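This report concerns only the one structure given below.
Next up, the structure:
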């Protein structure tokens, strides 16, 4: 199971609406919004393809300029 930490950079004044959109994504948890409007979130998915799909959807949210990977790990729950 891939787990990633991401930082989204938003257009000025749009971080609240972006956080609202992210709340509707299964597998995405917002951990904070920085004073400059950047959003810190964690993405969990069942596969790399599902994770890529979530990040692609994040890029498509109105007001999102970038989605940057800050951390990535694979966790195997079968161990």
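In UniProt numbering, the protein residues as written are 1 to 79.
For glycine and all other residues, C-beta sits at the position ideal for the given N, C-alpha and C.
Note that the structure is predicted; figures quoted are calculated from it, not measured.
- Closest by C-alpha distance to residue 19, out of 3, 72, 45, 38, is 38.
- The beta-carbon separation of residue 27 and residue 45, rounded to 5 Å, stays under the 8 Å limit for a contact.
- Residues of the same chain with a CB within less than 7 Å of the CB of residue 21, apart from the 5 flanking positions on each side, are 61 in chain order.
- Between residue 55 and residue 64, the gap from beta carbon to beta carbon reaches 8 Å or more.
- Scanning 13, 7, 50 for the CA closest to the CA of residue 31 turns up 7.
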